[in-house]
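Asks:
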Amino acid sequence: MHEYAIAKGIVNVVLSTMEGRDSRVTKVWVKAGVARAIVPEALDFSFDVIKKKHNNMRDSELKLTIVPIQGICNRCGEKFTIEEVIGICPKCNSSNINFSTGNELFVEKIEVEI
């Protein structure tokens, strides 16, 4: 379950961002690409367990956006979006493709209550 490690990383980013500030975190927005193979329920559970150890995050909520994989075929030029990690062009079946999105993982925004 790699979601626990990801949740721990998210909490660490939030804590380092909030260092020296006397604010309570209410929401954390995260973007994660499909290629990260994150199970949203497992990430939510892990985040809930970890955040309770930190008073300024105790009541915070995780908002996860899953980013689809977008690719372009180097053979035929087809641009496509897929929901699963498949390295094949849907038009010409070439495996010579580049992906522009779908592998990201970052904290997009942190909402706080002062």
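Note that the sequence shown covers residues 49 to 162 in the working numbering. We put the CB at the ideal spot given by N, CA and C, even for glycine.
Give me, in chain order, the residues of the same chain whose beta-carbon lies closer than 7 Å to that of residue 106; leave out the 5 immediate sequence neighbours on both sides.
Replies: As a working note, residue 106 is residue 58 in the sequence shown. Cβ within range, chain order: 99 and 100.
Asks: Going by other Cβ atoms of all chains shown within 10 Å of its Cβ, with 16 needed for buried, is residue 89 buried or exposed?
Replies: The residue given as residue 89 occupies position 41 in the sequence shown. Exposed, because fewer than 16 other Cβ atoms sit within 10 Å of the Cβ of residue 89.
Asks: Going straight from the alpha carbon of residue 57 to that of residue 117, what length do you get?
Replies: As a working note, residue 57 is residue 9 in the sequence shown. As a working note, residue 117 is residue 69 in the sequence shown. Rounded to the nearest angstrom, the two C-alpha atoms are 23 Å apart.
Asks: On the DSSP bridge list, what partners appear for residue 80?
Replies: Taking the first residue of the sequence shown as position 1, residue 80 is located at position 32. The partner list for residue 80 (beta bridge, DSSP) reads 114 and 153.
Asks: Is DSSP giving residue 60 helix, strand or coil here?
Replies: For this step, residue 60 is matched to residue 12 along the sequence shown. It is helical.
Asks: For residue 129, which residues does DSSP report across the bridge?
Replies: As a position in the sequence shown, residue 129 is number 81, starting the count at 1. Paired residue(s): 118.
Asks: What does DSSP give as the partner residues of residue 69 in its beta bridges?
Replies: Position 21 of the sequence shown, counting from 1, holds the residue named residue 69. DSSP, once it has assigned bridges, lists no residue as partnering residue 69.
Asks: Between residue 93 and the rest of its own chain, which residues show a CB-CB distance below 6 Å, the 5 nearest in sequence each way excluded?
Replies: Here residue 93 is taken as the residue at index 45 of the sequence shown, counted from 1. For residue 93, where only same-chain residues beyond five positions count, there are no Cβ hits under 6 Å.
Asks: Report the CB separation of residue 110 from residue 78 in whole angstroms; it is logged as a contact under 8 Å.
Replies: For the purposes of this step, residue 110 is identified with residue 62 of the sequence shown, where counting begins at 1. For the purposes of this step, residue 78 is identified with residue 30 of the sequence shown, where counting begins at 1. With 8 Å as the limit, residue 110 and residue 78 qualify as a contact, their Cβ atoms being about 7 Å apart.
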